[in-house]
Structure formats: C-alpha cells, structure tokens
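Peer 1: The structure under discussion is supplied below as structure tokens; questions concerning it will follow.
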Amino acid sequence: MSLLPLHILGSPVLRRRSVEIGAPDDEVRRLVEDMFETMDASKGIGLAANQVGVARRVAVVDADGDRFVMIDPVILESEGRAIAEEGCLSIPDIYGDVARPERVVLEATDLEGNRYRRDATGLKARAIQHEIDHLDGILFLDHLSLIKRQMLLARWRREHKDDTGYTKEVQAESARTD
Ligand code: NI
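Heads up, the sequence shown is in our numbering, so the first residue is 191 and it goes up one at a time.
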C-alpha cells in the first residue's frame, strides 16, 4: 500500500466528470487500498479517486462506524433536508455550511463486482453525497451562496498564492507531528 498525493483546489481533475468503472479489476482494488490508507492518514471520512488524480468513479467512505467502497455509485432515493458544516481534503482549512438531503438510498458496486444498496442518514448520507459530487466534478463550495463562496475563494487564493502546484503530499500517521 502507499500514500497518494492529494489534488487540491485548482487541479483540473477535480472539475472533470469521472468515468464509469464497471467490473473492478486488480488495478481498481489496489487503488482502493491506497485510497483508504490516504484517507486515514489525512483523517478524512471520505475520499474520491479524482482527489488522488484518477478520474474514475470510485470513492471510499468511513463514517458513523461504517467503512465501504462505492464504485459507480448512484443515489436511488433522497429525502429531507439538513444543514451541516463540511470541509474537504482537497480544500484544506476551508469550511462551510451545506444543505443536503438528510437521507439517501445509495446503490453502488463493491470490490467483488456486486451491486449493493445502503440506506444512510446523518453524517454517512452527507459523506456519500459529498463523494458522489466529487465524481461529477462538484465541490462543496458550489453549494454555498455566491457571496460566501467568493469570500472563501478569496481567502484560499491569499493563503495559497505561493503554491507551486496542485498536489499535496500526505504524511503517514506515525510521521505526523500535529
Ligand atoms: Ni471532498
């Protein structure tokens, strides 16, 4: 397994629609292992493949004690509305309140190639929707009001004006000092 560099805001792959996978092969299974490791080291609750530079429709989630892979995920049903603060590993240190359906029914493929369904509420439902957004090139910032989004983007540009690229190395958990 290996830690993968994270693509951050500005990287074109975050704004593209990722392509369907179909039946997962060994390459996809290796990618998923690396994505779990990278998500854990980053203390995230979800990670989509385009966040590590791979424009294919797969994401991992670890929320409310449930850890799973979503390949070619679709939302079959959604209901209710909830507002909660979101952040994103691709937009470090930026947070905003996002309104989303409170409950969703997910359908996706697992690593064995079987379609499964999952009924999710709360944080898990939010993580599922946030990750599927990624696969469509959508970021949580896009759900904010224009004024709020412009304010956060101005701050982001100030704080990142000296960046030389659109990727960020992830440190192994044992090597972290914060
Ligand atoms: Ni994200």
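Think of the CB as a built atom: it goes at the ideal place given N, C-alpha and C, for glycine as much as any other residue.
It should be emphasised that the depicted structure is a prediction, and the values quoted were computed from it without experimental measurement.
Based on Cα-Cα distance, which residue from E275, E302, A274 and T354 lies nearest to R220?
Peer 2: Of E275, E302, A274 and T354, the residue nearest in Cα terms is E302.
Peer 1: Out of D332, V264 and I198, state which residue places its alpha-carbon closest to the alpha-carbon of E210.
Peer 2: Comparing Cα positions, the closest option is V264.
Peer 1: Take R307 as the anchor and find which of E297, K351, K314 and D353 has the nearest alpha-carbon.
Peer 2: It is E297.
Peer 1: Run the proximity test for S192: is its beta-carbon closer than 7 Å to any non-hydrogen atom belonging to the ligand NI?
Peer 2: Result no, Cβ not under 7 Å from the ligand NI.
Peer 1: In chain order, what residues of the same chain lie with their CB nearer than 8 Å to the CB of E292, ignoring the 5 residues before and after it?
Peer 2: Closer than 8 Å at Cβ, skipping near neighbours: E269, G270, R271, A272, T311, G312 and A315.
Peer 1: Consult DSSP for G255 and reduce its assignment to one of helix, strand or coil.
Peer 2: G255 falls in the coil class under three-state DSSP.
Peer 1: Starting from the Cα of D252, find the closest Cα among H320, T354 and G327 and give me that residue.
Peer 2: Selected option, being the one with the closest Cα: H320.
Peer 1: Give me whichever residues DSSP pairs with L196 in a beta bridge.
Peer 2: K358, per the DSSP bridge assignment.
Peer 1: Can you list, in chain order, the residues of its chain whose CB lies under 6 Å from that of L325, leaving out five sequence neighbours each side?
Peer 2: If we look at L325 and ignore the five residues flanking it on each side, its Cβ neighbours are S208, A238 and R247.
Peer 1: Which residues count as close to the ligand NI when the rule is a CB under 6 Å from any of its heavy atoms, in chain order?
Peer 2: That query returns the following residues: C278, L279, S280, H320 and H324.
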